[in-house]
Structure formats: C-alpha cells, structure tokens
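Okay, so the sequence shown: first residue is 261 according to our numbering, each after it adds one.
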Amino acid sequence: MTITSPQPGRWVKVLDQTRCIGCHACSTACKSENEVPLGVNRTYVKSVDVGKFPEARRAFQVTRCNQCTDAPCVAACPTRAMYKRQDGIVDFDKSICIGCKACMAACPYDAIFINPEDHSAEKCNMCAHRLDVGLEPACVSVCPTEAILVGDLNDPTSKVAELVQRRPVAVRRPEKETGPGVFYLGAHQATLDPLAARRPDGGLYAWATQGDPSDPQLVAAGHPHRPTSSAAALVSYDVPHHAPWGWRVSLYTWTKSLSAGLLVVAAALALLGVLRWEEVSTKWVAPLGALAFLGITGVLLIWDLKHPFRFYLIFTRHHWGSWLVRGSFVLGGYGGIVGLSLVSALFDVRWLEVVCGALAIPLGLATACYTAYLFAQAKARDMWQSPLLPAHLAVQAVLAGTAGLLPFATALSSDHAVAVLEWTLAIAAALHVLLISTELTVPHVTAHAHLATYELTRGRFARFFWVGVGTVVVAIAAPWIGWVAAPFALIGLLAYEHAYVQAGQSVPLA
C-alpha cells in the first residue's frame, strides 16, 4: 500500500491495542527491513497478564520511539546525530554519532539503543526511507490485523487524525511533556506505565529472560515490590534493557570533583591568606593534581564513547543545547587555567598566579557543577532532577579537594593552614551528609524517584551507598584525627557517587 501524502505536516502513528494479537510480525519486519541485529530492537511487543484466573487476559503494547515534538534525545545529542525532520520524524545520522549514550539517558521511553555491530545509536524512525518514496513503514505493511496506522496528524481527512481527535487515545509518560507522536488506542494502563505491573521473581518471563539478574546495569521491566492482588498485573514478556552509563561515568564524577576541588580550595585559601602562594601545596600540589585528575577525567569520558576516535566532533559539530558540549568547553576552559597556573608557577610570576587562582574558583565550580545540568537533561531519571544537585556537587568538590590537599599541607604548611583545612574537610563532609539526608527524607513526588531511592538505600546499590556515607562520616572528625580523615573522605565519596549514578538509572522506562 502507498501513502497518499508524501510530504505531510507531521507523521504520527496510532497503535490500536484492541486489535493487536501479539504475533510479533512488526518486530520481525522491522529487523528485516532495517537490518537490526539480534539482542536489540527498534520495536517490540511487550505483554502483561492482567487479572486473576479465571478472569485473566493478556494485554499487549507495541513499544517503540515516540517521535516526540519536544524530543529530549535531540536536545541532549552533542553532535546533532539525533535530529528532527520537518515532517516530525526524529531521525539519526550514524556517521556523526560518537556513542556517548546521552540520547539513551535522555529518552523517557527507553527507545534508543547502541547497535552492537556499528556502535552507533539508533531507534525507530518510522522507516523514513520508505515514507519518503510513498511506502508504508515495514511494521504497518505486515500487521495482519491493521493494528498499526500511520498518517499525517495535520491532515483532518487522514484516518490517524480522525482517531486521535475523536477517540480516547493515550500516550506514554505524558507527565514528561515531550509531545509524543505515537498514540495508543485501547491500551491497558498496566502496559503503558512501566511500574504498573509486577515484575516476575528473578526476571523470568513466559518466552524470555531479562538477562543476567546479577548484572548491576540490568533494568528489568515492571515494579519489583508491587503486591499481588485479584487485579494484579504481571509482566509476561519484555526485552532486556541496560543502564546507558556504567562505572566509567561514576568514576568520572569523582575524578572531576577531585580535579576541580584541589585548585578551588587551594586558590580560595591563598586569596584569604591562609595558604601562601609560594608554598609547595599551593604552587605545585594543587595545580599538578588538578591537571592529573582532569586528564583522567578526559580519558574516562573518551573511553566511555562507543566511537572514541570521533570525540573531536563535540568541538567541530557541537550542539550548544547539549550539556555534554557545554561541559566539554567548561572542562577545556578550566584545563587552560590550570595549565596557565603551572606556567606562572614555573616562571614565578606572582600576579599571574593570583589572577589564575581567582579565575580557577568560578571555572572549577562550573567544572564540578555542570554534571547536574547534564543529568537534568535525562528527563526520565527522576532522582537526578533534584534542584539541590548543583550545590551538592559543589560541596563534593570542596570535600574532595580538601581531602586531596590535607596530607600534603600537613607535611609542608603551617599549623594554622592545616587546622583550617581540617575544619574545612569536617564541614564539607557534614554538609555532604546533610544534603544526602535532605534529598532522601523529602517526600518524592514520583514513583520513579521513590523506586530509584529504594534501589539506592535498600536495593542493589545499598552496599555502595552505606559504605560511602559511613566512610565520609569519619571525615567529620578531621579536626581530631588529622590527615587520616582524608582517605576516608575520598573513598566514601567514590562509593557514594557510584551508587548515586547507577541507582538513578535503575528504574524501568518501558
């Protein structure tokens, strides 16, 4: 069948779940048409068993990219590899994808994946190559019950426009305000809401297993703590999903805090007269340490890319709306100040040291805090949307920087400077614990934030969390135990960062 409007105002899909029989023909056709490898899917059919015998039935949901009007993946992509066409389709260009997975973290529908063969991000693009020549998408052409409809929403005579305007259709995650272009007709709420159905014990489903349950990055479908009842819903089929950002991103947040904090703390104390510009801690330890950990941060960021040799595209094809791009330029600016600070120390140019120190404070804090805005672009990760996160990252940088300086200052600086550093470490550690307590005890607005917090404090990442918090608490005693508190602060912060980053990605989105 051909499409009569080759240049529509906005392509959309209507998925009539009252007609879907769960045959998976759409999934198979999509894989064949778009050469999608095994293990990943542009589209698939999720099923949920609703009710209790003898009044039970299986509800289906065709799951795919929602072709959003305000697409978070487009906003987050640093190179514009994800882009929106004039006809409303959110498409992608694999030739400029760097594999940063920012689009995956940003998508509220878990619709994007990294192709294991070409290592680039992809998803459903409504078979744009077929639409452009007047053909229906592959999934539409093979559906035996006509459960999938595609058309121009702006054409009032199209069937999809009639259905959307006259029938009670639903969209997934409307609270995210993305303006989805995929509408569901007759879909059960237990399929639309990723937390409405109960998760089978052990992640075992009727026809598939959700990967290795011991995998810390596994995100199994359904709610793990939904109690059973006569109206219970149980996920019976889903595909494996994984958190996009792993241990390298967790480690990067720690090395970045240490890099930023070392020079910020040293420069601030030197400007206040606590440390002297000519002493080793200020002149060499702080800038050399900042440069070393900034280099490690850069290595981790590039290492985490699926196309690491394309990292330069962040600077040559940058999309300013992406905080990955903004953060890269902030890191570059901070690196420049660190380098200039070392040059001024090498040639003993005092006025330049002072200027670099004054500039290092705002740039260092920006380096520490920009990750809060990067995480905020991950619109589906509700635990990361805390307005306290920028302040918390600034406190973590001060905590890490003070812990990094204290052992050297103990050996090289005055007793007064050491005492100030010890009290700074104690106060930063106390503020860190206070901010954690505030974020955890304030009632969570969404079920997603509540479940992520559960995984953080009592679930899979609780061990890292409590080790992190408990170890940092030791650092509050820095004025009494001295430099011994420093490694406790650094180890505790690393454990906490890992727990926080991974727990924020642990809630199912599809």
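Note that the Cβ used here is the ideal one computed from N, Cα and C, for glycine as well.
Quickly, what does DSSP pair Val322 with across the bridge? List them, please.
On the sequence shown, residue 322 is found 62 positions in, with the first residue counted as 1. Paired residue(s): Val305.
Among the candidates Leu666, Gly595, Ala456, Leu754, whose CA atom is the shortest distance from the CA of Gly742?
Residue numbering aside, residue 742 sits at position 482 when the sequence shown is read from its first letter. Gly742 has its Cα closest to that of Leu666, out of Leu666, Gly595, Ala456, Leu754.
Leu672 versus Ala746: straight-line alpha-carbon distance, rounded:
By one-based count along the sequence shown, residue 672 stands at place 412. By one-based count along the sequence shown, residue 746 stands at place 486. Taking the straight line joining both Cα atoms gives about 16 Å.
Complete runs of the beta strand (DSSP E) confined to the region 395-450 [at least 3 residues]
408-412, 442-445
Counting Cβ pairs closer than 8 Å, one from the region 587-596 and one from the region 621-629, do we hit at least three?
yes
Beta-carbon contacts of Arg459 that lie in its chain and below 7 Å, excluding the five residues immediately before and after:
Sequence index remark: in the sequence shown, residue 459 carries index 199 (1-based). Only Ala480, Ala481, Gly482, His483, Pro484, Val495 meet the Cβ criterion.
By how many angstroms is the C-alpha of His379 removed from the C-alpha of Gln637?
Residue mapping note: residue 637 aligns to position 377 of the sequence shown, counting from 1. Residue mapping note: residue 379 aligns to position 119 of the sequence shown, counting from 1. Near 22 Å, if we compare the C-alpha coordinates of His379 and Gln637.
Through-space distance from Thr631 to Val744, alpha-carbon basis
Locating residue 744 in the sequence shown gives position 484, where the first residue counts as 1. Locating residue 631 in the sequence shown gives position 371, where the first residue counts as 1. Cα to Cα, the separation comes out at about 29 Å.
Just verifying my parser: in three-state terms, what is the DSSP assignment at Tyr630?
Residue numbering aside, residue 630 sits at position 370 when the sequence shown is read from its first letter. Three-state DSSP puts Tyr630 in a helix.
Arg641: buried (16+ other C-beta within 10 angstroms of its C-beta) or exposed?
Reading the sequence shown from its first residue, position 381 is the one you call residue 641. Classification of Arg641: buried, given that the 10 Å Cβ count is 16 or more.
Which ranges would you report for the alpha helix (DSSP H) in the region 557-585 if only whole runs of at least 4 residues count?
573-576
Starting from the C-beta of Leu532, find all residues in its chain whose C-beta is less than 7 Å away, skip the five residues before and the five after it, and write them out in chain order.
Translated into the one-based positions of the sequence shown, residue 532 becomes position 272. Same-chain partners within the cutoff: there are none.
Counting Cβ pairs, one atom from each stretch, are 3 or more of them under 8 Å apart for the region 340-352 and the region 613-623?
no
Euclidean distance between Cα positions of Ala686 and Ala722:
In the sequence shown, residue 686 corresponds to position 426, counting from 1. In the sequence shown, residue 722 corresponds to position 462, counting from 1. Looking at the two C-alpha atoms, the distance is approximately 24 Å.
Check this for me: beta carbons of Thr698 and Met643, under 8 Å apart or not?
On the sequence shown, residue 698 is found 438 positions in, with the first residue counted as 1. On the sequence shown, residue 643 is found 383 positions in, with the first residue counted as 1. Not in contact: Thr698 and Met643 (Cβ atoms no closer than 8 Å).
Close Cβ partners of Asn414 (< 6 Å) along its chain, the five nearest in sequence each way excluded:
Counting from 1 along the sequence shown, the entry for residue 414 is found at position 154. The answer, listed in chain order, is Gly269, Arg270.
Does the distance from the C-beta atom of Gly446 to that of Thr303 stay below 8 Å?
Here residue 446 corresponds to residue number 186 of the sequence shown, with the count starting at 1. Here residue 303 corresponds to residue number 43 of the sequence shown, with the count starting at 1. It is not a contact, given that the beta carbons lie outside the stated cut-off.
So Thr684 and Val525 are in contact, right, with Cβ under 8 Å, and what is the actual spacing, rounded?
One-based indexing of the sequence shown puts residue 684 at position 424. One-based indexing of the sequence shown puts residue 525 at position 265. Sure, about 7 Å apart at Cβ, within 8 Å.
Say whether the region 364-382 touches the region 604-611, bearing in mind that this needs 3 or more beta-carbon pairs closer than 8 Å, one atom from each stretch.
no
Is the beta carbon of Val310 sitting closer than 8 Å to the one on Ala319?
The residue given as residue 310 occupies position 50 in the sequence shown. The residue given as residue 319 occupies position 59 in the sequence shown. The answer is yes: Cβ separation under 8 Å.
Excluding five sequence neighbours on each side, which residues of the same chain lie with their C-beta closer than 7 Å to the C-beta of Ser490?
Residue 490 sits at position 230 when you count from the first residue of the sequence shown. For Ser490, the pLDDT reaches just 41, beneath the cut-off of 50, and the residue's location in the model is therefore unreliable, although a value from the coordinates is still provided. Lys312.
Buried versus exposed, by CB contacts within 10 Å (16 or more), Thr576
Here residue 576 corresponds to residue number 316 of the sequence shown, with the count starting at 1. Counting other Cβ atoms within 10 Å of its Cβ, Thr576 stays below 16 and is therefore classed as exposed.
Nearest candidate by alpha-carbon position, reference Pro408, set Gly282, Ala493, Val658
The sequence position of residue 408 within the sequence shown is 148, counting from 1. Checking the sequence, you will find Ile at residue 408 rather than Pro. If we check each option's Cα against that of Ile408, Gly282 comes out closest.
For Ala493, write down the residues that DSSP places opposite it in a beta bridge.
To locate residue 493, count along the sequence shown from 1; it is residue 233. Ala493 pairs with Val310.
Out of Cys337, Ser355, Val308, which has the shortest C-alpha to C-alpha gap to Phe569?
Looking up residue 569 in the sequence shown gives position 309. Distance from the Cα of Phe569 is smallest, within the candidate group Cys337, Ser355, Val308, for Ser355.
Work out the CA separation of Gly521 and Gln327 for me, nearest whole Å.
Numbered from 1 along the sequence shown, position 67 holds the residue referred to as residue 327. Numbered from 1 along the sequence shown, position 261 holds the residue referred to as residue 521. Near 41 Å, if we compare the C-alpha coordinates of Gly521 and Gln327.
Counting only runs that start and end within the region 595-668, where is the beta strand (DSSP E) found for 3 or more residues in a row?
The qualifying runs do not exist here; there are none.
For the alpha helix (DSSP H) that Met774 lies in, which residues bound it at each end?
The chain is shown only over 261 to 770; residue 774 falls outside these bounds and no answer can be derived.
Between His284 and the rest of its own chain, which residues show a CB-CB distance below 7 Å, the 5 nearest in sequence each way excluded?
If you number the sequence shown from 1, residue 284 lands on position 24. For His284, where only same-chain residues beyond five positions count, the Cβ hits under 7 Å are Val305.
Lys436 vs Lys639 beta-carbon contact at 8 Å:
Counting from 1 along the sequence shown, the entry for residue 436 is found at position 176. Counting from 1 along the sequence shown, the entry for residue 639 is found at position 379. Yes, these two residues count as a Cβ contact at 8 Å.
Give the single residue among Tyr756, Phe668, Trp514, Leu391 whose Cα lies nearest to the Cα of Val732.
Residue 732 sits at position 472 when you count from the first residue of the sequence shown. Considering only alpha carbons, the answer is Tyr756.
Within the same chain, show all residues whose beta-carbon is closer than 8 Å to that of His567, passing over the 5 residues directly before and after it, in chain order.
Sequence index remark: in the sequence shown, residue 567 carries index 307 (1-based). Contacts found: Cys357, Ile358, Gly359, His379, Ser380.
Could you check the C-alpha separation between Ser766 and Val678 for me, to the nearest Å?
The residue labelled residue 766 in the question sits at position 506 within the sequence shown. The residue labelled residue 678 in the question sits at position 418 within the sequence shown. Cα to Cα, the separation comes out at about 41 Å.
Considering Cα atoms alone, identify which of Leu634, Ala690, Ala492 is closest to Val658.
Counting from one through the sequence shown, the residue named residue 658 turns up at place 398. Closest option to Val658, Cα to Cα, is Ala690.
Could you give the distance in angstroms between the alpha-carbon of Pro768 and the alpha-carbon of Tyr369?
For this step, residue 768 is matched to residue 508 along the sequence shown. For this step, residue 369 is matched to residue 109 along the sequence shown. Each residue's Cα considered, the two are about 9 Å apart.
Given a cut-off of 8 Å, decide if Phe352 and Glu382 are closer than it, judged by their beta-carbon atoms.
The count along the sequence shown starts at 1 and reaches residue 382 at position 122. The count along the sequence shown starts at 1 and reaches residue 352 at position 92. Yes, the pair counts as a contact, with Cβ atoms nearer than the cut-off.
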